[in-house]
Amino acid sequence: NSFSQAAVRQSRLKFVLPSKPLHQSVYTNGTYQGLPLRAGMRVRLLRRTDDTVGTIRFIGEVDFADGVWIGVELDRRVGKNDGSVDETRYFQTTANRGVFVKSEDLAVAF
Numbered sequence: 001n002s003f004s005q006a007a008v009r010q011s012r013l014k015f016v017l018p019s020k021p022l023h024q025s026v027y028t029n030g031t032y033q034g035l036p037l038r039a040g041m042r043v044r045l046l047r048r049t050d051d052t053v054g055t056i057r058f059i060g061e062v063d064f065a066d067g068v069w070i071g072v073e074l075d076r077r078v079g080k081n082d083g084s085v086d087e088t089r090y091f092q093t094t095a096n097r098g099v100f101v102k103s104e105d106l107a108v109a110f
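With the first letter of the sequence shown counted as 1, position 14 gets the number 14 in the UniProt record's numbering; the numbers rise by one all the way through.
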């Protein structure tokens, strides 16, 4: 049944902590140059045509790409994942509310 399949999939996920302290990842775009990013910060995604806003839930290196990535939990279901990619969980959210972006694709939301 679907519950059993979901339980098996969930048990295969591995959890990853950022390999670098959060304060070492800094926002380097626009008027917020040098402003430290941190989990819990509200941000706006710049490369979207709609007004996409969310909360930073993860900052660090990932298994699916090089460099430091920012995991954002979006306010609306317009994302690509639930905080996991290729069975590795970086943060927890519901389906289609998670997205990973680079710091230059974010602006602080007020």
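No residue lacks a Cβ here, since even glycine has one placed at the ideal position from N, Cα and C. Note that this is a predicted model, so its numbers are computed, not measured.
- Taking C-alpha positions only, Thr49 is separated from Arg89 by approximately 28 Å.
- Here Arg97 is buried: its Cβ has 16 or more other Cβ atoms, across all protein chains shown, within 10 Å.
- DSSP, reduced to helix, strand and coil, places Glu73 within a strand of the structure shown.
- Residue state for Glu87 is assigned as coil, using DSSP reduced to three classes.
- Leu45 and Asp105 do touch by the CB rule: their CB atoms are close to 6 Å apart, below 8 Å.
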